[in-house]
Every structure is written in C-alpha cells, then in structure tokens.
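A.B. asks: Structure provided below as structure tokens; questions to follow.
There are 2 protein chains.
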Amino acid sequence: MLRHAGFRATYGRVALLEMLAHARKPVRVETAAKAVRGKLDLTNTYRALEALRRVGLVRRVDLGHAHTHYELAEGKHHHHLVCDSCGKVADVEIQEKEMERAALRAARDFKSVRAHSLEFFGLCNACV
Amino acid sequence: MLRHAGFRATYGRVALLEMLAHARKPVRVETAAKAVRGKLDLTNTYRALEALRRVGLVRRVDLGHAHTHYELAEGKHHHHLVCDSCGKVADVEIQEKEMERAALRAARDFKSVRAHSLEFFGLCNACV
DNA sequence: TTTCTTATTGCGAATCTTTTGCATTTAGGA
DNA sequence: TCCTAAATGCAAAAGATTCGCAATAAGAAA
Numbered sequence: 728m729l730r731h732a733g734f735r736a737t738y739g740r741v742a743l744l745e746m747l748a749h750a751r752k753p754v755r756v757e758t759a760a761k762a763v764r765g766k767l768d769l770t771n772t773y774r775a776l777e778a779l780r781r782v783g784l785v786r787r788v789d790l791g792h793a794h795t796h797y798e799l800a801e802g803k804h805h806h807h808l809v810c811d812s813c814g815k816v817a818d819v820e821i822q823e824k825e826m827e828r829a830a831l832r833a834a835r836d837f838k839s840v841r842a843h844s845l846e847f848f849g850l851c852n853a854c855v
Numbered sequence: 728m729l730r731h732a733g734f735r736a737t738y739g740r741v742a743l744l745e746m747l748a749h750a751r752k753p754v755r756v757e758t759a760a761k762a763v764r765g766k767l768d769l770t771n772t773y774r775a776l777e778a779l780r781r782v783g784l785v786r787r788v789d790l791g792h793a794h795t796h797y798e799l800a801e802g803k804h805h806h807h808l809v810c811d812s813c814g815k816v817a818d819v820e821i822q823e824k825e826m827e828r829a830a831l832r833a834a835r836d837f838k839s840v841r842a843h844s845l846e847f848f849g850l851c852n853a854c855v
C-alpha cells in the first residue's frame with residue numbers, strides 16, 4: 728500500500744498503519760506516537776499521518792477537542808457518535824449525497840461541495 | 728441581555744456582542760479580540776466568549792482549523808458551507824431532527840443524541 | 001552486493017492557540 | 001458613597017502542531 732502510494736515502506740509507517748488497522752476508534756496523534764514508540768517519534772507521527780492522509784490511506788476525524796484524531800480510511804466514509812460521558816465511539820452512516828445536495832440547495836452562491844464533517848455527541852447505553 | 732444572563736454589562740462584553748452582531752460569519756477569537764481592542768484583551772476575550780456560550784448567547788463553530796470560531800446565537804441552529812478557496816461562508820439549514828434520529832438508528836448502543844457538528848467544504852461561485 | 005540519491009527520521013526549538021494565576025480594577029447592589 | 005464579588009490585564013504556562021537541519025536508511029542503479 729505504502730509503495731503503491733509513492734512512499735517508502737519504513738518500519739514506522741508500517742507500524743502506524745498496523746496500529747490504526749487494529750484500533751477500534753479514531754486515535755489521537757499522541758496515542759499513535761506512543762504505540763509506535765521507538766519506530767517513530769511524535770513529530771514524525773504527525774508528518775506520517777498527514778502524508779498518509781494526503782494520499783487517502785487515513786482520514787482525519789475532528790471530534791471537537793483541541794486535538795486531531797485519525798482513522799484508517801477503509802470502507803465508505805462514515806461519521807461518529809461520541810458518548811459525552813465515557814467517550815465511547817460508534818460509527819454512523821448517513822445519506823451523504825442527499826445531505827450534500829441539500830446543503831448546496833440551501834447555500835446560494837456555492838457551486839460544489841467537496842467534503843463535509845459531521846459528528847454526533849450524546850450518551851451511550853452504559854452511561855447515565 | 729447580559730444582565731438577564733447574570734452577567735455584569737461591561738464595555739468589553741457589550742463591544743464583543745456588538746461586533747458579533749455585525750459579523751457576517753463566524754469570528755476567530757483573535758479577530759474578535761482585535762475588534763474590541765482597548766476594551767478587552769485576548770485572554771478575557773476567550774473568557775467572555777466561553778461565558779457567553781455557556782448561557783447560550785453565542786455558539787462555537789468548529790471549521791476544522793486549529794482555532795475556534797464563534798457566532799452570535801440568534802435564530803435556529805444552522806451549519807456552514809465554507810469555500811475551500813476564498814473562505815467565504817454560507818449558512819446552511821438541514822433537517823436536523825431526522826438526521827439525529829438516523830444517527831441513533833445507525834449507532835447500536837447509544838440512547839440519545841445531545842448535539843452534533845456539521846460543516847461543509849466546497850467552492851463558491853466566485854472561485855475556481 | 002555495493003553505491004548513490006534523497007526520502008525519512010530524531011531532536012531541539014519555534015509557533016500558535018488556549019488556559020491559569022494573581023494582583024488590581026470596577027459594576028452594581030446596599 | 002461604600003463594599004464585595006465579578007471582571008480585567010498581564011505575564012507565564014500548557015498543550016498541540018510545525019519547522020530546521022544534520023544524520024540515517026530505503027530502494028534504485030551499478
């Protein structure tokens with residue numbers, strides 16, 4: 728995958744992709760860096776994730792915190808429902824196309840929608 | 728408004744609300760602070776905006792940048808379509824309720840949705 | 001395999017946004 | 001006018017992310 732995307736397949740990047748593949752929810756850069764400790768430091772984890780994002784191997788997830796999360800870009804684009812209380816994250820699929828069309832209809836003066844970010848916040852069953 | 732919300736009506740906060748009332752799009756904290764220069768410094772602009780947000784007078788808008796934007800909380804909750812090229816912002820209204828219901832349906836294990844964030848990115852008519 | 005080019009990395013320092021501490025000022029009720 | 005808690009300014013801290021640069025290593029070529 729890495730070579731095909733024009734990258735060198737370094738231990739750090741491979742480890743990074745592997746950890747993302749096993750993660751069950753979007754991961755903070757700091758967490759990712761710790762997971763590949765010894766193979767890639769924090770600075771280069773930032774650089775690697777950004778590079779991987781640019782070629783579409785990973786996606787940025789903005790959960791409204793001060794820090795960015797990343798997840799492996801597999802399957803279709805989806806959103807998240809985050810528990811306010813425990814932080815649990817569930818994947819959510821929504822009628823994307825229709826929503827973007829609606830946005831375009833609502834926004835006079837715009838010709839196209841390239842992307843959107845949509846995250847939900849609420850309570851999971853295990854929390855009060 | 729300020730007194731009614733339990734605040735002291737200081738020059739700084741009044742100026743802040745006035746500038747937000749005239750702004751045509753969500754404003755960065757730094758920009759807001761410059762606009763009320765002399766009446767409120769950067770630190771207290773942060774404090775004031777957060778306080779105003781807690782009582783519902785302003786809303787936070789997260790456009791996916793490294794910094795937070797704020798807008799006056801008037802009218803119904805809405806979203807934004809941001810031009811990738813020039814940064815122009817248009818307001819967008821979407822069928823909120825139905826979307827949140829759909830999210831809840833899609834996310835097993837969740838009992839409620841308190842809020843969501845939704846922003847669109849694309850190109851306005853004036854840009855390439 | 002060895003060599004060579006340059007992408008990648010580590011590390012320190014810088015930058016940017018946001019928060020905190022604290023002494024001083026001030027809005028607004030008594 | 002007086003008094004107290006809310007607000008404020010300023011300096012410094014904290015957290016996230018980026019930059020600069022010399023050292024290292026992946027992978028193509030010999």
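Protein sequences appear in the order of chains A and B. Per our numbering, the very first residue in the first sequence carries number 728; after that it's consecutive. Per our numbering, the very first residue in the second sequence carries number 728; after that it's consecutive. Ideal Cβ positions, reconstructed from N, Cα and C, are used throughout, including at glycine.
#1: From B/D818 to B/L808, what distance separates their C-alpha atoms?
#2: Can you round the beta-carbon distance between B/H804 and B/R755 to whole angstroms, since I take them to be within the 8 angstroms contact cut?
#3: Under a CB-based cut-off of 8 angstroms, is B/A834 close to chain A?
#4: Give the interface partners of B/R841 over in chain A, defined as CB-CB distance under 9 angstroms, in chain order.
#5: Is the CB-CB distance between B/C851 and A/D836 below 8 angstroms?
#6: Taking DSSP as the reference, what is the three-state secondary structure of A/R735?
#7: Please tell me whether A/T772 and A/V763 are closer than 8 angstroms, where the distance is taken between their beta carbons.
#8: Which residue from B/E820, B/R787, B/M728, B/A750 puts its Cα closest to that of A/A834?
#9: Please give me, in chain order, every unbroken run of the alpha helix (DSSP H) with length at least 4 that falls completely inside the stretch 730–788 of chain A.
#10: Pick out the complete alpha helix (DSSP H) segments inside the stretch 818–843 of chain A, 4 residues or longer, and give them in chain order.
#11: Quick one: using the 10 Å Cβ neighbour count with 16 as the cut-off for buried, is B/C813 buried or exposed?
#12: A/L779: buried (16+ other C-beta within 10 angstroms of its C-beta) or exposed?
#13: Going by DSSP in three states, A/H806 sits in which element: helix, strand or coil?
#14: Taking Cβ positions, are B/G733 and A/R841 nearer each other than 8 angstroms?
C.D. replies: Working from what's here:
#1: Counting from 1 along the second sequence, the entry for residue 818 of chain B is found at position 91. Counting from 1 along the second sequence, the entry for residue 808 of chain B is found at position 81. Cα to Cα, the separation comes out at about 6 angstroms.
#2: Position 77 of the second sequence holds residue 804 of chain B. Position 28 of the second sequence holds residue 755 of chain B. That belief does not hold up - the Cβ atoms of B/H804 and B/R755 are roughly 20 angstroms apart, past 8 angstroms.
#3: For the purposes of this step, residue 834 of chain B is taken as residue 107 along the second sequence, with counting starting at 1. Interface residue, yes.
#4: Position 114 of the second sequence, counting from 1, holds the residue named residue 841 of chain B. Within chain A, the C-beta atoms nearer than 9 angstroms to that of B/R841 come from D811, F847, F848, G849, L850, in chain order.
#5: On the second sequence, residue 851 of chain B is found 124 positions in, with the first residue counted as 1. On the first sequence, residue 836 of chain A is found 109 positions in, with the first residue counted as 1. The Cβ atoms of B/C851 and A/D836 sit closer than 8 angstroms to each other.
#6: Stepping through the first sequence from its first residue, residue 735 of chain A is reached at position 8. The answer is coil: DSSP assigns A/R735 none of H, G, I, E or B.
#7: Start at 1 with the first residue of the first sequence, and residue 772 of chain A comes out as number 45. Start at 1 with the first residue of the first sequence, and residue 763 of chain A comes out as number 36. A contact, by the Cβ cut-off of 8 angstroms.
#8: For the purposes of this step, residue 834 of chain A is taken as residue 107 along the first sequence, with counting starting at 1. Taking only the C-alpha atoms, the option nearest A/A834 is B/E820.
#9: Whole alpha helix (DSSP H) segments, 4+ residues: 738–749, 756–762, 769–781.
#10: If only complete runs of 4 or more residues are kept, the stretch 818–843 of chain A shows the alpha helix (DSSP H) at 823–833, in order along the chain.
#11: Taking the first residue of the second sequence as position 1, residue 813 of chain B is located at position 86. The Cβ neighbour count for B/C813, taken over all protein chains shown within 10 Å, is under 16; the residue is labelled exposed.
#12: Taking the first residue of the first sequence as position 1, residue 779 of chain A is located at position 52. Classification for A/L779: buried.
#13: In the first sequence, the residue the question calls residue 806 of chain A occupies position 79. A/H806 sits in a strand when the DSSP states are folded into three classes.
#14: Taking the first residue of the second sequence as 1, we reach residue 733 of chain B at position 6. Taking the first residue of the first sequence as 1, we reach residue 841 of chain A at position 114. Cβ atoms of B/G733 and A/R841: not closer than 8 angstroms.
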